[in-house]
Amino acid sequence: MIYELIGGVKTLSVIGMCKNAGKTTVLNSIISECESRGEILGLTSIGRDGERSDLVTNTKKPEIFVREGAVIATAEGLLKEGDISREILMATGLPTPMGEIVIVRARSAGYVQLGGASITEHQKLLRDRLFSFGCTRVLIDGAISRKSLGTPALADGVILSSGASYDADVRTTAEDTAFIARLFSLPVSKGTEALSARYTAISGGEAHSADSLRELLPVLKSGAEKLVMRGAVTDNSVKELLNIGKLLNGTILVAEDASRLLFRASGFEKLMRFTGGFEVLKGTRLIAVTVNPFSAYGNHYDGNDFKERVASALERAGVTAPVMDVKNV
Amino acid sequence: MFDSNQLSSIGFRWVTDNTELLTPYGQELARHPRYYGADELDELKAEQHNIGELMTAVREDTAQVNALMRLMMPVKDIRRSISALDERTLTEVELFEVKRFLLELELLAPQIDKLSARLEGISVTAMPKALDIIDPDGTRSPSFYVSDRLSEKLSAIRAERRRIDEQMKRDGASDELSARRTLLAAEEEDENAKVRTELCERLRPYRARLLENAAAIGRLDFALGKARLAERLGAVMPEVGADVFELKGMTNPRFAEALSDKGRSFVPVSMELTRGAVVITGANMGGKSVAIKTLALNAMLAMCGFAVFAESARIPMIEDMFILSEDREDAMSGLSSFGGEMKAFDAMLRATEKSRTVLVLLDEFARGTNPHEGAALVRAAARLFNARENTYAVLATHFDGVAKLARLHYQVAGLRNADPEKLLMGIKGRGADALADHMDYGLYPVSPDEEPPRDAVKIIKALGVTEEFSGLIDI
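First to last, the sequence lines map onto chains P and W. For the first sequence, the working numbering begins at 51 and goes up steadily by one. For the second sequence, the working numbering begins at 1437 and goes up steadily by one.
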């Protein structure tokens, strides 16, 4: 089923809401589906910046399993954690706490441990290299952190994995999952270009740029169609926007892409009430949401109940992506 | 020798920064360019010869040079891996890099061969035997895989692994098959390490030649960088080992660039220096410091085997060079006070007493004291340098009575020939910037009896400083 959903998505990212959300199960299903159809997969992950190597390597054995022919971009220090016969294709020179990122080809089936780049530009470079080594599709093991929503800037499609390990209360997990899914489903702003200034107000078709909101107040007062924000939009940015809330009546807020949106659901809801909505310059395709009712901490959810709650939360948020149980991906 | 602030201030850093290097080996050489000592004339001439040949190649064999550059660009620094060969077994990634380097040598060597008949002391040789060790299948592919051919045991383990994998794919992963698979993977890892250890032992005899090749690529890269810069900016190869300095039409690209941003151009400077004291006098703002720094730059470039920025240049082998000046960049080196200047001067005199040849550049020496004593100090310095057989000294000063001690005397013309009426008009129109238009920055040989020009009052009037002040000047 998942293979039909990911169809023409060349760069696919699987993003977990938390650890043990079932992301690896999803990845392995996709790998197996693709490889059994003769695809050559490229694999990498979003770097866990600042994390000490022992935190990564002391965890369980690597769980991502590839067949002969797959191409993997990972930190040199993680090669020995896996057990494929490997052919070294490239030393990229990109550094990680676990050594330089290298690109290897699997000359046997086996497990691999992924540790990729943490900077978007480097991630793009790795993706491009993987394609240049003949990969037909690139899978990115993504993660949501305080600093990032993962890979929307990089991937054509995203699968969001949620699970009972996220929160003891199934309602919280369902709502937060729907919120993230909603950010990944924001509409693409039409006819708006990427601008270099922090803020650009578009009023009467004319762009007014500034590095602070205050400088744009006169333009916003006169009623701007759009307010384009470059860089991260954090809780603090939301607070600033709420402070001038009345001026934004009907103005559409535009961010670069979903990975820049690092604010909580509550602020977002308030903003949505009186602005003209939220859009992004680069859209993401949310392909599916997977749910895992089993918790690493013991408080398992009821499988069907969890799936239904997420589905209805998505519906309320206006997100149309299908919800799949991680067992049936 | 010049310190790092002085190297920046005279424009030497500008030159090294604008020398394009293609390899990490070349980049390292350019960070600390070799200074050819007084007894290294032959080595310096060999470097000059190579750069001259490469300049010709850049002009006439452009396609060949471009092909060589394309091959050099991907070269990485693998010296750490090569050195590690002595101590331990290389990792797969390190062996990958050694193999890549060996493959690069295969391509570079014939390309460099085409030039090397004309180059001295630079030869890069292919190492097919070392490559055969690391690539026994002869695929010459730019990747590294421990070949089955290197160990029957490895080959057998891999075959068994493949069989188990097929079985698991067909029948599913039973616990027994999974355990067997894990065991085989561990055995393969062990055997892989053993094979790599043997590989490294067989590669060890090639270690020295690998390093020699890396060094040769670096020297070629640096020489080619110097040649390309010289061609781009029109620099010429100086004649080194002369007994006097003869520098015609010198420029300084760092200052030229700054001036061109303001729409002005650098006025070339010509100078001859004999042993003893040469004195430059001239107006404030007239370019004495620029002349000194331009001389310093080109002398330094010549001794580091670069082309120089001049129409032509003859330069003696100089063992050591010193510059004492006060400007913003040098202030950091702590020479701003009179005391600091004298201590530095003293240290320099003591250090160079026994040197074979020294170039000493003093810009407004003793400026920090009263004109009466200051002039006496500069005269004393001139006498000292005239007495020392090993020193080429240039003293830029506006003190009186120094020039008559000089072996040669140069003067910056300054505003001497400027029409006061036109100057005033210019200043009224465009402010102080107009001064530069009327200033003659040229350096002219004059008689030792010629006193420094008196331009201070002219400048003050031209600047339109209030008459309440200028009317009271009593000369």
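The beta-carbon is built from N, C-alpha and C at its ideal position, and this holds for glycine as well. No experiment lies behind these values; they were computed from the predicted model shown.
Taking the beta carbon of residue 85 of chain P as the centre, do at least 16 other beta carbons fall within 10 Å, making it buried, or is it exposed?
buried
Should the stretch 1801-1821 of chain W be regarded as contacting the stretch 1687-1706 of chain W, the criterion being three or more beta carbon pairs within less than 8 Å?
no
So, at 6 Å on beta carbons, what are the nonlocal neighbours of residue 1624 of chain W in its own chain, with the 5 sequence-adjacent residues on each side left out?
The beta carbon of residue 1624 of chain W sits closer than 6 Å to those of 1593, all from its chain and outside the five residues before and after it, given in chain order.
Whole angstroms are fine: how far does the CA of residue 1695 of chain W sit from the CA of residue 293 of chain P?
50 Å
Against chain P, which members of the stretch 1563-1585 of chain W pass a CB distance test of less than 7 Å?
1579, 1580, 1581
Apply the 10 Å Cβ neighbour rule to residue 1905 of chain W and answer buried if 16 or more other Cβ atoms are within range, or exposed otherwise.
exposed
For residue 194 of chain P, return the contacting residues in chain W, with the cut-off set at a CB-CB distance below 7 Å.
Going along chain W, no residue has its Cβ under 7 Å from residue 194 of chain P, so there is no contact; the nearest lies around 31 Å.
With a threshold of 16 other CB atoms inside 10 Å of the CB of residue 1535 of chain W, please say whether the residue is buried or exposed.
buried
So that I know if they touch, is there some Cβ in chain W lying closer than 7 Å to that of residue 319 of chain P?
no
At the level of alpha carbons, what is the spacing between residue 106 of chain P and residue 96 of chain P?
Its pLDDT being 46, under 50, residue 106 of chain P is placed unreliably by the model, and the measurement read from it follows with that caveat. Cα-Cα distance, rounded: 13 Å.
Note down, in chain order, every chain P residue with its Cβ under 9 Å from the Cβ of residue 1597 of chain W.
135, 158, 159, 160
Please list, in chain order, all residues of the same chain as residue 1500 of chain W whose beta carbon is under 8 Å from its beta carbon, the five residues on each side excluded.
1493, 1547, 1550, 1551.
Answer yes or no: does any C-beta atom of chain W fall closer than 7 Å to that of residue 236 of chain P?
no
Go through the stretch 1505-1593 of chain W residue by residue and report every complete run of the alpha helix (DSSP H) that reaches 4 residues or more, in order.
1515-1520, 1528-1552, 1564-1570
How big is the Cα-Cα spacing for residue 169 of chain P and residue 1779 of chain W?
51 Å
Do the CB positions of residue 341 of chain P and residue 360 of chain P come within less than 7 Å of each other?
yes
Using a C-beta cutoff of 7 Å, does residue 1537 of chain W count as contacting chain P?
no
Are at least three pairs of beta-carbons, each pair with one atom in the stretch 201-214 of chain P and one in the stretch 51-68 of chain P, less than 8 Å apart?
Counting C-beta pairs with one atom in each stretch, the stretch 201-214 of chain P and the stretch 51-68 of chain P have three or more that are closer than 8 Å, which means they touch.
Look at the alpha carbon of residue 263 of chain P and the alpha carbon of residue 194 of chain P, and state the distance between them as a whole number of angstroms.
28 Å
Output yes if chain W places a C-beta closer than 7 Å to the C-beta of residue 151 of chain P; else output no.
No, residue 151 of chain P lies away from the interface with chain W (no Cβ there is under 7 Å from its Cβ).
With 7 Å set as the bound, which would you pick, yes or no: does the beta-carbon of residue 1529 of chain W sit closer than that to a beta-carbon of chain P?
With 7 Å as the cut-off, residue 1529 of chain W counts as an interface residue toward chain P.
I want to see whether chain W comes within less than 7 Å of residue 141 of chain P, judged by CB atoms only; does it?
yes
Just curious, the beta strand (DSSP E) that residue 252 of chain P is in, first and last residue?
It spans 249-253 - the beta strand (DSSP E) in which residue 252 of chain P sits, taken as one unbroken run.
Buried or exposed: residue 1875 of chain W, going by 16 or more other Cβ atoms within 10 Å of its Cβ?
buried
Express the C-alpha separation of residue 1776 of chain W and residue 288 of chain P in angstroms, rounding to a whole number.
57 Å
Looking at residue 1529 of chain W: is its Cβ nearer than 7 Å to the Cβ of residue 152 of chain P?
yes
Using the Cα positions of residue 1667 of chain W and residue 1474 of chain W, report the straight-line distance between them to the nearest angstrom.
27 Å
Alpha carbons only, please: which of W:1553, W:1750, W:1724 is nearest the one belonging to residue 1734 of chain W?
W:1750
Between the stretch 176-193 of chain P and the stretch 301-312 of chain P, can you find at least three pairs of beta-carbon atoms closer than 8 Å?
Because the criterion of three Cβ pairs below 8 Å is not met, the stretch 301-312 of chain P and the stretch 176-193 of chain P do not touch.
What did DSSP end up calling residue 1461 of chain W once you bin it into helix, strand or coil?
helix
Mind checking whether residue 1518 of chain W and residue 1655 of chain W have CB atoms under 7 Å apart?
Not a contact, by the Cβ cut-off of 7 Å.
Given this structure, state the Cα-to-Cα distance separating residue 369 of chain P from residue 235 of chain P, to the nearest angstrom.
7 Å
Reducing DSSP to helix, strand and coil, say where residue 1822 of chain W ends up.
Residue 1822 of chain W: helix per DSSP, three-state reduction.
Only counting the same chain, and skipping five residues up and downstream in sequence, which positions put a Cβ closer than 6 Å to that of residue 250 of chain P?
For residue 250 of chain P, where only same-chain residues beyond five positions count, the Cβ hits under 6 Å are 257, 259, 278.
State buried or exposed for residue 343 of chain P, treating a residue as buried only when at least 16 other CB atoms are found within 10 Å of its CB.
buried
Where does residue 189 of chain P fall in DSSP's three states?
strand
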